[in-house]
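K.L.:
Residues in the sequence shown are numbered from -19 upward in steps of one, following the numbering used here.
Backbone N, C-alpha and C fix where the C-beta goes; we use that ideal spot for every residue, glycine too.
Remember, it's a predicted structure, so these values are computed and weren't measured experimentally.
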Amino acid sequence: MTDAIDGLVIQRRGPALVLTMTNPGRKNAFYPEMRSRIAEAIAGAASDAAVRAVVLTGAEGHFCSGADLRRVSDADNGPLAVRERLKSVHRLLELIVGGAKPTIAAVEGDAFGAGMSMAAAADVVIAARGARFGASFAKIGLLPDMGLLYTLPLRVGLPKARRLMMTARTIAAEEAAAIGLVDELTVEGGALERALAVAAEFEASAPLSLAAIKAAMAQGLVGIDDVARFELNTVPGLANTEDHLAARKAFLEKSQAVFVGR
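1. Given A171, which residues of its chain have a CB within under 8 Å of its CB, disregarding the five upstream and five downstream residues?
2. List the endpoints of the continuous alpha helix (DSSP H) containing F231.
3. Got a sec, what are the start and stop residues for the alpha helix (DSSP H) V215 sits in?
4. Tell me whether V52 sits in a helix, a strand or coil according to DSSP, three-state version.
5. Please list the segments of the beta strand (DSSP E) lying wholly inside the segment 25 to 85, counting only runs of 3 or more residues, in order along the chain.
6. Round the Cβ separation of F10 and A(-16) to the nearest angstrom and send it over; I've been treating them as touching at under 8 Å.
7. Could you spell out the range, first to last residue, of the alpha helix (DSSP H) harbouring A158?
8. Between the alpha carbons of I193 and L75, how many angstroms are there, rounded?
9. Take S68 and list the residues in its own chain whose beta-carbon comes closer than 8 Å to its own, dropping the five residues that flank it on each side.
10. Any idea what DSSP makes of F239, helix, strand or coil?
11. What is the rounded straight-line gap between the Cα of F210 and the Cα of A196?
12. Would you mind working out which of P4, E155, L(-12), V215 sits nearest F113, comparing C-alpha positions?
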């Protein structure tokens, strides 16, 4: 594996940009420099036409065990410092949820705290059997952050989300899949390869269409009026893109369209 810079290894694997969190001996616990690097990489992927999806994963058999509390000093815990840190967390959340490219979490081992939040924010969650999830915030006297109060109820429903967050209970990958937190299970050690296969599936879809779908989901459209307004604001532009024209031509010719993101 390529050497990590600020706790992140960035690699191109076919149409996927793979971001591997690495914090040796700490189950890839999260810290500010790592968070900033992930945000920069996802933001950069938006303008790279060759990148069709972003895969988030972790090194050494784990996804992410949450915040690295060893790196948080008393000075870092003042109200103003915490607010600034949360702003950085929210920037990353917005990029995962509402960024232009689909995001896939490839989870092995532990996904606790911020690790679970990051996985829940992804468009697709692939987990190996043996993976574990835990919204452990209440065990350290904090509130679930990185959008988990929003993303977890969307995935599993409000009653299950409430209980998972209030009890901070650890659940196995099989239970996570049964309740909707995980989209697909795979063999241990196979999460990344399956995520790469899913990333390749997105090549059959127009990038601008995917970006529009993500934008709609990120806005949390709550009624038919919201949906209709979004369609009116979005579809006319998409109908005049190179990709749509290419798809129409391919349909008539019974061929496969090649999308370029324009």
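P.N.:
Looking at the atomic coordinates:
1. T37, A86, V87, E88, I106, A107, A108, A111
2. 222 to 233
3. 204 to 218
4. coil
5. 33 to 38
6. So it is not a contact: roughly 14 Å between Cβ atoms.
7. 153 to 159
8. 14 Å
9. P12, R15, S16, A19
10. coil
11. 7 Å
12. E155
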